[in-house]
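Below you'll find the structure, written out as structure tokens, and then a few comments.
Numbering (this note's numbering), first residue to last: 1 to 395.
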């Protein structure tokens, strides 16, 4: 007899999973930060691994506001490194996180000669968190596109993690000729959710649920579900997530998470349209990913989901990294960076190879002049000189 979970049991299991999966910004010993002061989102320290501050800039997404009938254009914050570099890489973070989750990549790829841009999507990090923003993956892709349009960037490489991967998928499907290449990192978007499951996400998840998350759940959720090789270097995740919970904008951030989960589950568009992608595409995932596929709803293996997605994108390359979790760009940053570097060297090197210089043609030799020799020359006539005629002055 086939055993099935009752709806209440299933709901509780899914609830616990969502609680852990949503909170991508923590890990470590919670007690250490329980009494720490609040950290406002505007105060998030955006620094490189060696402590150097990344100066951040912002734009107003006016076209997005107009398209989605928002009264106020959201402010979108981004970091730009090596602005004089060649090929532009655009890093798009995942659910519950912000651009700092790319700290093992931004300086590394800037040093390789790339122009590097990482943004905080609406609802996350230092960007605005408006309730009027739809928080669909298509709207997120429109924000990324408007940032690039305002900065005058053409043919970018889109690099997205998890939700950011689904955002990059939407971008590459709707604007297929714009990206030079796409790098999907443990991407959402390939897993199938039924209509009933989509409705469940929208019904059960709430702002209150996120606000009331106990600190031990934050610790357990991120450390287990997002990492396979937890290190003390990731301690900043737990501190920032714990202190952000006391921030004035935390309710808006929680709302953005709730709406984003609904948008992620409604992924029929990207699954059914992935075949429209024409940009070279690399898919990198951790073989120890505990979030994809959803273990309570579907179970199975991450590689199965990723292979099904790769088959839909013509010419895509699939790379699985052993002993690596969902946040693979941090968990296995050396292996991840090596895989991305090798792929980009083939499809989008940092600076386009210049054509071999064509040697300048040698100046033509003056043809010898033949002048008639006079039969006789008066003694008083000067000898002809070889002094050249004066040249016009060029100004």
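All residues carry an ideal CB built from backbone N, CA and C; glycine is no exception. On a predicted model such as this, the values are computed, not experimentally measured, just so you know.
First through last residue of the beta strand (DSSP E) which encompasses residue i
i           : result
residue 60  : 56-60
residue 285 : 281-286
residue 256 : Premise fails: residue 256 lies in the alpha helix (DSSP H), 250-265, not in any beta strand (DSSP E).
residue 402 : Since the first residue of the chain shown is 1 and the last is 395, residue 402 is not available in this structure.
residue 213 : Note, residue 213: premise wrong, no beta strand (DSSP E); not H, not E.
residue 185 : 181-185
Cβ distance (whole Å) where residue i is taken to contact residue j below 8 Å
i           : j           : result
residue 310 : residue 316 : 5 Å
residue 180 : residue 155 : 4 Å
residue 339 : residue 123 : Contact doesn't hold; Cβ gap of about 29 Å is too wide.
residue 74  : residue 243 : Wrong, their Cβ atoms sit about 24 Å apart, outside the cutoff.
residue 305 : residue 190 : 5 Å
Within 7 Å, strictly: CB atoms of residue i and residue j
i           : j           : result
residue 137 : residue 299 : no
residue 252 : residue 129 : yes
residue 121 : residue 140 : yes
residue 89  : residue 125 : no
residue 184 : residue 283 : yes
residue 85  : residue 113 : yes
residue 205 : residue 261 : yes
residue 254 : residue 211 : yes
residue 143 : residue 281 : no
residue 33  : residue 239 : yes
residue 81  : residue 110 : yes
Residue environment, residue i, which counts as buried when at least 16 other CB atoms sit within 10 Å
i           : result
residue 351 : exposed
residue 171 : buried
residue 405 : Coverage of the chain is limited to positions 1 through 395, which leaves residue 405 absent and any answer about it impossible.
residue 382 : Only weak support is given to the placement of residue 382: the predicted model assigns it a pLDDT of 40, under 50, and the value that follows is read from those uncertain coordinates. Exposed.
residue 107 : buried
residue 223 : buried
residue 177 : exposed
residue 388 : Confidence in residue 388 is poor, its pLDDT being 39 and thus under 50, which makes the residue's placement too unreliable to answer from.
residue 397 : With the chain covering only 1 through 395, there is no way to say anything about residue 397.
residue 274 : buried
residue 35  : exposed
residue 245 : buried
residue 201 : buried
residue 293 : buried
DSSP state of residue i mapped onto helix, strand, coil
i           : result
residue 344 : helix
residue 115 : strand
residue 53  : strand
residue 223 : helix
residue 103 : coil
residue 154 : coil
residue 47  : strand
residue 165 : helix
residue 326 : coil
residue 232 : helix
residue 247 : coil
Boundaries of the alpha helix (DSSP H) in which residue i is found, first to last residue
i           : result
residue 78  : Per DSSP, residue 78 belongs to no alpha helix (DSSP H); it is in the beta strand (DSSP E), 75-81.
residue 91  : No alpha helix (DSSP H) contains residue 91, which is instead part of the beta strand (DSSP E) from 88-92.
residue 321 : Counting along the chain, residue 321 falls outside any alpha helix (DSSP H), though it belongs to the beta strand (DSSP E) covering 317-321.
residue 143 : 137-151
residue 35  : Unbroken run through residue 35: none, as it is neither H nor E.
residue 236 : 235-244
residue 400 : A question about residue 400 goes unanswered here, because the residues of the chain that appear run from 1 up to 395.
residue 202 : 195-204
residue 297 : Note, residue 297: premise wrong, no alpha helix (DSSP H); not H, not E.
residue 306 : 302-312
residue 268 : 268-273
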